[in-house]
Structures are given as C-alpha cells and as structure tokens.
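Take a look at the structure set out below.
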Amino acid sequence: MIKQAIIPLAGLGTRLLPLTSVFAKELLPINGKPGIEYILDECIDAGIKDIIFIISKKKKIIKDYFYNDNFYKSIIKKKKDPRLVKEYKKILFYKKRIKFVYQNKPLGTGDAVLKTKKFIKDKYFLMLLPDDLIIKNNCSKEMIKIHKKYKCSVMASLKVNKNNVERWGIYSISKNLDKNNFKISDVIEKPNSKDAPSNNAVIGRYILKKNIFKYLKNQKKGKGGEIHITDAIRKMIYNNNLFIGHKFYGKYLDCGTMSGYINSGNAISKL
Ligand code: UTP
Numbered sequence: 000m001i002k003q004a005i006i007p008l009a010g011l012g013t014r015l016l017p018l019t020s021v022f023a024k025e026l027l028p029i030n031g032k033p034g035i036e037y038i039l040d041e042c043i044d045a046g047i048k049d050i051i052f053i054i055s056k057k058k059k060i061i062k063d064y065f066y067n068d069n070f071y072k073s074i075i076k077k078k079k080d081p082r083l084v085k086e087y088k089k090i091l092f093y094k095k096r097i098k099f100v101y102q103n104k105p106l107g108t109g110d111a112v113l114k115t116k117k118f119i120k121d122k123y124f125l126m127l128l129p130d131d132l133i134i135k136n137n138c139s140k141e142m143i144k145i146h147k148k149y150k151c152s153v154m155a156s157l158k159v160n161k162n163n164v165e166r167w168g169i170y171s172i173s174k175n176l177d178k179n180n181f182k183i184s185d186v187i188e189k190p191n192s193k194d195a196p197s198n199n200a201v202i203g204r205y206i207l208k209k210n211i212f213k214y215l216k217n218q219k220k221g222k223g224g225e226i227h228i229t230d231a232i233r234k235m236i237y238n239n240n241l242f243i244g245h246k247f248y249g250k251y252l253d254c255g256t257m258s259g260y261i262n263s264g265n266a267i268s269k270l
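Quick note on numbering that gives the first Met the number 0: the sequence shown kicks off at 0 and runs consecutively.
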C-alpha cells in the first residue's frame with residue numbers, strides 16, 4: 000500500500016510574480032481555499048497517512064499556516080464562530096499528517112525529492128506537484144489502483160498541444176497496456192517541439208520507487224541548470240524499472256502560470 004506522499008514546495012514561483020514576491024503560491028486562494036488544501040484533500044482521500052512538505056526558509060509561511068494555534072484559539076474564544084471552529088479543526092487534521100523538510104536552495108525538483116530520503120519508509124511513495132490541480136476525479140487514488148495491479152511506478156499523463164511540449168516532461172510509449180495505461184520507454188524533460196518524441200506529457204502525480212534516491216544522489220544538472228526528477232526517472236527506465244503513464248479522467252488545471260491560476264478559480268467556482 001502507498002501510505003506516504005511528498006509535496007515539493009520550495010520553488011520560487013516566479014511565473015506568478017508579483018503575487019509570490021512575499022507570499023507562497025501554494026497558499027494563494029483558489030475559489031476561497033488555499034491551493035495546497037486541494038492537494039491535501041486528494042492525498043487523504045487516496046488513503047495517504049503521512050505527508051512530507053519540502054519547503055525552504057523563504058517559504059516558512061507554509062508551516063506557519065498549519066501552526067497558528069494560539070491565534071485560532073484566542074479568536075474562537077472571543078467569537079465562538081462555528082465556521083472558524085470547523086476551519087481550525089480542518090487545519091489540525093492536516094497538521095497531524097504533515098512533516099516538514101527543508102531545501103533552502105531551489106536546485107530543482109530532483110534535489111527537492113532527495114531531501115525526503117531518510118523519511119520514506121516503504122518501497123513506493125506518491126509525489127504530487129501542487130501547481131497541478133486535478134479536479135472532478137481523484138487521480139492519486141486511480142494511480143494507486145494501477146500501482147497495486149502492476150507493482151511499478153506510475154505517472155499521470157495527458158496529451159498536450161504539440162506546440163507547448165517544452166513546458167513538460169514528454170514520454171514515449173513502448174506498449175499500450177489498456178486504453179488508459181501505457182508502458183513508458185523514455186521521458187525527456189522540457190524538449191523543444193522538434194525533439195519531442197510525442198505529445199504525451201507527465202502531469203504532477205508520480206508513484207515512485209524508493210530506489211530513485213540512488214539515482215538522484217548522482218544526478219547532474221540538466222535543462223536550465225536544475226536537477227530534474229525527470230532525468231533520474233529516465234535513467235531508471237533505461238535500467239529496466241517499469242514506469243506506466245496513466246491517462247487520468249479528472250480535469251487538469253495548471254495553477255503555476257498567471258492565466259492558469261486565474262482560470263483555476265473560475266473553473267472550480269463553476270463546479
Ligand atoms: P516549478 O519549477 O514548476 O515551479 O516546480 P517553481 O519553481 O515553484 O515556479 P516558477 O517556475 O519559478 O514559476 C514544480 C514544483 O517543484 C517545487 C516547486 O515549489 C513546485 O511545487 N520545487 C521546484 C522545489 O520544491 N524545489 C525546487 O528546487 C524546484
């Protein structure tokens with residue numbers, strides 16, 4: 000069973016400036032609720048018990064959000080507002096499940112994942128990238144089912160516009176397992192449209208095998224001078240670790256860009 004999830008949150012969020020100049024993008028409200036709470040709800044609904052946040056000193060505000068007990072207690076005492084009591088209980092419920100680890104230099108997603116090495120207990124764990132919201136269907140839950148069936152790594156997948164491939168990790172398929180699940184033969188981080196092997200993009204949900212840490216330890220910088228998780232996954236695939244691309248049913252919302260962030264709020268308000 001997959002019981003642990005990790006969530007990298009130590010990036011700079013430059014695409015959302017100026018909103019992120021003094022604030023963490025993951026706490027920005029999406030239809031009245033911080034983006035990170037959608038991700039936490041997905042994890043918990045998928046049966047995850049233990050969640051590891053990778054933050055940085057600059058993003059300590061994320062920890063503060065879950066550790067503001069004295070403030071809640073004093074306001075609740077004065078106002079006795081049932082809505083606040085409910086919200087505070089929800090925060091306590093999340094807090095019990097979250098651990099924090101630090102990545103103070105944003106060297107890339109691969110480096111962020113490596114920081115969780117000593118906390119991962121089981122052979123497989125889930126990783127969610129909080130910029131990628133998937134609504135209407137719990138993608139993590141579906142991926143855990145696929146993992147149970149095939150006992151391997153799984154990555155969420157979506158066909159993207161051919162002209163936009165350089166924004167994602169793009170993978171190629173060696174075999175269709177069924178209409179929604181594909182055996183992956185290669186993955187390239189942010190290729191230009193000329194070099195992209197397909198328009199199958201990896202979206203921010205991964206079930207990863209613990210042996211990825213061995214690869215990450217030796218992983219050199221790649222595109223843009225960052226240590227990418229995709230580059231370590233590529234090596235694992237070359238070393239015969241099975242990765243499945245899972246075409247999910249939910250609706251994908253990219254909250255990492257300004258237009259995507261604005262659109263996410265609109266889309267969720269219409270649900
Ligand atoms: P991105 O590179 O897509 O987002 O990282 P970013 O760096 O936060 O924002 P931009 O590109 O400057 O606008 C994907 C996820 O990985 C985390 C980010 O917080 C984000 O959730 N991340 C990225 C880390 O935790 N550490 C890093 O070194 C890089």
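C-beta: ideal position from N, C-alpha, C; glycine also.
| query | result |
| --- | --- |
| Cut-off 6 Å between Cβ atoms - residues of its own chain near Glu165, not counting five sequence neighbours on either side | Lys189, Asn191 |
| Min CB distance Ile232 to chain E below 8 Å | This model lacks chain E altogether; it includes just one protein chain. |
| Residue environment, Glu25, which counts as buried when at least 16 other CB atoms sit within 10 Å | buried |
| Own chain partners of Ile0 with C-beta closer than 6 Å, once the 5 adjacent residues on each side are dropped | A quick correction: the sequence has Met, not Ile, at residue 0. Counting only Cβ-Cβ distances below 6 Å, and skipping sequence neighbours, we find nothing. |
| Three-pair Cβ contact test at 8 Å for the segment 209-222 versus the segment 153-164 | no |
| Nearest residue (CA-CA) to Ile206, options Tyr101, Lys32, Ile119 | Ile119 |
| Start-to-end residues for the alpha helix (DSSP H) that takes in Tyr170 | Premise fails: Tyr170 lies in the beta strand (DSSP E), 168-175, not in any alpha helix (DSSP H). |
| Where Pro129 falls, given that 16 or more other Cβ within 10 Å makes a residue buried | buried |
| Alpha carbon of Cys138 to alpha carbon of Tyr37, nearest angstrom | 12 Å |
| Reference Phe41; option with closest CA among Asn136, Tyr123, Phe65 | The question names Phe, but residue 41 is Glu in the sequence shown. It is Asn136. |
| Backbone secondary structure at Asn199 - three-state DSSP | strand |
| Residues bridged to Gln3 [DSSP beta-bridge criterion] | Asp49 |
| Delimiting residues of the alpha helix (DSSP H) encompassing Leu83 | 81-94 |
| As assigned by DSSP and simplified to three states, the class of Gly224 | helix |
| Separation of Asn30 from His227, as counted between CA atoms | 31 Å |
| Enclosing beta strand (DSSP E) for Gly244 [first to last residue] | 242-246 |
| For Lys189, the three-state DSSP class (helix, strand or coil) | coil |
| Length of the line joining the Cα atoms of Leu8 and Lys104 | 12 Å |
| Cα-Cα separation, Ala45 to Asn163 | 30 Å |
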